[in-house]
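K.L.:
Take a look at this one; I'll ask things after.
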Amino acid sequence: MIASDAADPPAREPGPPAPGDGSAASDSLLSAVLRDEAARIVAALTRSLGNLDLAEEAVAEAVEEALRSWRMHGVPPNPGGWLTQAARHNALDRMRRERRYREKLALLAEPAARTTAGRSDDVDDRLPLLFGCCHPALSPDAQLALTLRAVCGLTTAQIAHATLSSKATTAQRIVRAKRKIGRAGIPIRVPEGPERAGRLDIVLTTISVMYSEAHLVAGGDAAADRDLAEDALWLARVVTSALPEEPEAHGLLSLLLFHRARERSRAVDGRLVLLADQDRGHWDAALLAAAHSELERASKLRRPGRWQLQAAIAACHADAPAADRTDWLQVLTLYDLLLRYDRSPVVRLNRTVALAAVEGAGVALVELDGLAETLAGYHLWYAVRAHLLRELGRPAEAAAADRRALGLTANEAERRLLNLRLTGWTNPGGGPGPIE
Amino acid sequence: MKYVIMFTTTPELDAAVPAERAQEVYGRIYQWFGENSDKIADSGAELQPVSTATTVRHGDDGPVVADGPFSEAREVIGGFSVLDVPDLDTAIAVAKTWPALDLPGVAVEIRPMVVDYSQFEQ
């Protein structure tokens, strides 16, 4: 879908655009449309105004208007044009209240040609915007919030809901981040040369966090009106198609697709189902195939990295016909490789599960205890510890560890699983498997 | 855009650096100013050690003069320069090459300068 504001400008002064066919639109349809359109419009407006803050505010306001109007009247035939007109109208409104209104007005008067020009197939103007939002000079929380807002077109309320923050905190986070981009001169562009890899990794991390946050909310009690996992997958695809020569981008997309394929069997009755216990027949074969082909695409580029290795680990699990037929030696070997790229405590924690399967729970427990200090307060450290202790025939200590885990997580799906373990329910699959 | 870059060090860690190594880094700092002359609007100043600092602070009965730096932080400002570069990425790239970053406890803070005073006019 293309945001073509040049095609049919409804009026010189774009008031509320005309309604569409009159049928109400579902939230998922609205999300998909807004996702496709909002970022391009923010990018185009940012370019013509030279001001991300102003552009983003104007588009965000247009998105709010669109949600109100489209929910009632349906999506108009040219949603991109609708949003562009509304956003430009809003930007004009804001600029009227500013000084030097005339100078900026001149810039806004000629954007049509530029927006079209910027939409050639080889240039995706959403990419510079994404790299700008994920700049290392912004905090990770701000990177995520700003990406959701400026690139994915979420409203502040939706972002607050998805990131389990208050609306006020979220709004402030976004305002500060945009202000810093403007005042500190953070460039809205895709870095070239040696800087690229490190900057891309931040972008991929943000997308991965976006996916995980979706997991948390979906596994919980709240019914979200927006599935962040879909936004994350969409964004990962935007990156791979714009930067097809970056193997790590394909690696992340592959990893997310593997996770997505298992989504349906991951929660039953609001309770988290661990990998070992999932009904493998319910895994989505089409998504698994897509995940495999992304991983293959990545490996052909012959530059391994942490996202590709995580995807390769996910592939091992996906390929096992049953949990007890998992090729744990390969999983462990891949984790050892992964440690070369990513020595973070969570990777080391996940590795202990593979270590337990290959070398026994005793060896894994020693390794786990070595992480006690860095992961103190992380509920999954206790959950893995409980699993290992149970394997070692130490049920009392295992229960104590599960209780600590329970005290450390607010996620309802995880709490239900831990409660079941504490009341003597046993895993039919025999163990928790890798932490998801 | 103009940025002030502030070179900070941690005195207790500086003391542990062998004199020879400090000398070698110092030599590269001279070079650094030469190599980046097209991006440096004002080479700024290198400051005498923090032990020479005097602070004048707000007091209820008027300004109070005291020995020492303004902040209790372990890091102290050792000098500053003014960059004139297109954007933050360029400023970061320049800052990353600051030779003293090879030494532990050294950091460079980048702050954009206010150059547009129109917000104060009325």
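Protein sequences appear in the order of chains A and B. If you're matching positions, the first sequence starts at 1 in my numbering and goes up one per residue. If you're matching positions, the second sequence starts at 1001 in my numbering and goes up one per residue. Every residue, glycine too, gets a C-beta built ideally from N, C-alpha and C. Owing to the predicted nature of the structure, the values given are computational and were not obtained by experimental measurement.
Within the 8 angstroms Cβ cut-off, does A/Arg183 reach chain B?
P.N.:
Interface residue, yes.
K.L.:
How close, in whole Å, do the beta carbons of A/Ala44 and A/Asp125 come, if the pair is a contact with beta carbons under 8 angstroms?
P.N.:
Right, the Cβ-Cβ distance comes to about 7 angstroms (below 8 angstroms), so this counts as a contact.
K.L.:
So, is A/Pro351 buried or exposed, given that buried needs 16 or more other C-beta atoms within 10 angstroms?
P.N.:
It should be noted that the sequence gives Arg, not Pro, for residue 351 of chain A. Classification for A/Arg351: buried.
K.L.:
Pick from A/Glu373, A/Ala399, A/Pro244: whose alpha carbon is nearest that of A/Leu509?
P.N.:
The structure shown has nothing for residue 509 of chain A, since chain A only spans 1 to 436.
K.L.:
Tell me B/Ala1045's beta-bridge partners as DSSP assigns them.
P.N.:
B/Phe1080.
K.L.:
Taking Cβ-Cβ distances shorter than 9 angstroms, what residues in chain B pair up with A/Pro191?
P.N.:
Within chain B, the residues near A/Pro191 are Asp1089.
K.L.:
Out of A/Val268, A/Asp277, A/Asp327, A/Leu255, point me to the one whose CA is closest to A/Arg297's CA.
P.N.:
The residue with the shortest Cα to Cα distance from A/Arg297 is A/Leu255.
K.L.:
Compare the C-beta of B/Met1113 against all C-beta atoms of chain A and say whether one is closer than 8 angstroms.
P.N.:
Not closer than 8 angstroms to any Cβ of chain A, the Cβ of B/Met1113 fails to qualify, so no.
K.L.:
Restricting to Cα atoms, I'd like to know which of A/Leu329, A/Ala150, A/Gly132 is closest to A/Ala55.
P.N.:
Of A/Leu329, A/Ala150, A/Gly132, the residue nearest in Cα terms is A/Ala150.
K.L.:
Which same chain residues end up closer than 8 angstroms to A/Arg415 when comparing Cβ atoms and leaving out the 5 residues on each side of it in sequence?
P.N.:
So the qualifying residues of the chain are Leu406, Thr409.
K.L.:
Of all the CB atoms in chain B, is at least one closer than 8 angstroms to the CB of A/Ile186?
P.N.:
True, the Cβ-Cβ gap to chain B drops below 8 angstroms.
K.L.:
Against chain B, with Cβ distances strictly below 8 angstroms, would A/Ala157 count as a contact?
P.N.:
No, its Cβ sits nowhere closer than 8 angstroms to a Cβ of chain B.
K.L.:
Can you give the beta carbon distance from B/Val1076 to B/Thr1009, rounded, assuming they're within the 8 angstroms contact cut?
P.N.:
Contact holds; Cβ gap of about 6 angstroms.
K.L.:
By a C-beta neighbour count over all protein chains shown, 10 Å radius and 16 as the cutoff for buried, is A/Arg421 buried or exposed?
P.N.:
Looking at its Cβ environment, which holds 16 or more other Cβ atoms inside 10 Å, A/Arg421 is buried.
K.L.:
Let me make sure I understand the geometry here. Which of A/Ala267, A/Val363, A/Ala401, A/Ala361 has the alpha-carbon closest to that of A/Leu380?
P.N.:
It is A/Ala401.
K.L.:
For the segment 273-299 of chain A, list every residue whose C-beta sits within 8 angstroms of some C-beta in chain B, in sequence order.
P.N.:
So the list is empty, because no residue satisfies the distance condition.
K.L.:
Under 6 angstroms Cβ to Cβ from A/Ser69, same chain only, skipping five residues before and after it: list those, please.
P.N.:
Same-chain partners within the cutoff: there are none.
K.L.:
For A/Glu65, I'd like the list of residues in its chain whose CB is within less than 6 angstroms of its CB, leaving aside the five on either flank, ordered along the chain.
P.N.:
Correct list, in chain order: Ala86.
K.L.:
In this structure, how does DSSP classify A/Leu253 when only helix, strand and coil are distinguished?
P.N.:
Here A/Leu253 sits in helix by DSSP.
K.L.:
Could you pull out every unbroken alpha helix (DSSP H) segment of at least 4 residues lying fully inside the segment 278-335 of chain A, listed in chain order?
P.N.:
With a minimum length of 4 residues, the continuous alpha helix (DSSP H) runs that stay inside the segment 278-335 of chain A are 285-300, 306-319.
K.L.:
Suppose only complete runs of 4+ residues qualify. What are the alpha helix (DSSP H) ranges in the segment 150-231 of chain A, listed by chain order?
P.N.:
Those alpha helix (DSSP H) runs which fall completely within the segment 150-231 of chain A and span 4+ residues are 156-162, 167-184, 195-219.
K.L.:
On the DSSP bridge assignment, give the partners of B/Asp1067 in chain order.
P.N.:
B/Asp1067 is bridged to B/Thr1054.
K.L.:
Just mark B/Phe1070 as buried or exposed, buried being the case when its beta carbon has 16 or more other beta carbons within 10 Å.
P.N.:
Exposed, by the Cβ-count rule.
K.L.:
Give me the chain B residues within the contact set of A/Ala137, using Cβ-Cβ distance strictly less than 7 angstroms, ordered along the chain.
P.N.:
Chain B residues near A/Ala137: Leu1088.
K.L.:
State yes or no: is the beta carbon of B/Met1006 nearer than 8 angstroms to at least one beta carbon in chain D?
P.N.:
Among the protein chains of the structure shown, namely A and B, there is no chain D.
K.L.:
Starting from the Cα of A/Arg40, find the closest Cα among A/Asp27, A/His89, A/Met95, A/Pro128 and give me that residue.
P.N.:
Closest by alpha carbon: A/Pro128.
K.L.:
Is DSSP giving B/Pro1112 helix, strand or coil here?
P.N.:
The answer is strand: DSSP assigns B/Pro1112 an E or B state.
K.L.:
Can you check which of these residues, B/Glu1020, B/Asp1102, B/Ser1051, is closest to B/Arg1125 by C-alpha distance?
P.N.:
No answer is possible for residue 1125 of chain B: the residues shown for chain B start at 1001 and end at 1122.
K.L.:
Would you mind sorting A/Leu329 into buried or exposed? The rule is 16 or more other CB atoms within 10 Å of its CB.
P.N.:
With fewer than 16 other Cβ atoms within 10 Å, it is exposed.
K.L.:
On the DSSP letters alone, give me the boundaries of the beta strand (DSSP E) that B/Lys1096 sits inside.
P.N.:
Unbroken run through B/Lys1096 is the alpha helix (DSSP H), 1088-1096; no beta strand (DSSP E).
K.L.:
What does A/Leu272 pair with, by DSSP beta-bridge criteria?
P.N.:
Beta-bridge pairing links A/Leu272 to A/Ala267.
K.L.:
Taking the alpha carbon of A/Leu287 as the point to measure from, which residue in A/Asn90, A/Gly182, A/Glu230 has its own alpha carbon closest?
P.N.:
The option with the nearest alpha carbon to A/Leu287 is A/Glu230.
K.L.:
Rounded C-beta distance between A/Arg262 and A/Leu233? I'm assuming under 8 angstroms.
P.N.:
Wrong, their Cβ atoms sit about 14 angstroms apart, outside the cutoff.
K.L.:
The alpha helix (DSSP H) spanning A/Val366 covers which residue range?
P.N.:
From DSSP, the alpha helix (DSSP H) with A/Val366 extends over 361-369.
K.L.:
If I'm right that A/Cys134 touches A/Ile202 with Cβ under 8 angstroms, what's the distance once you round it to whole angstroms?
P.N.:
About 5 angstroms separates the two Cβ atoms, so the contact holds.
K.L.:
Would you report the Cα separation of A/Lys300 and B/Gly1105, rounded to the nearest angstrom?
P.N.:
C-alpha separation (whole angstroms): 42 angstroms.
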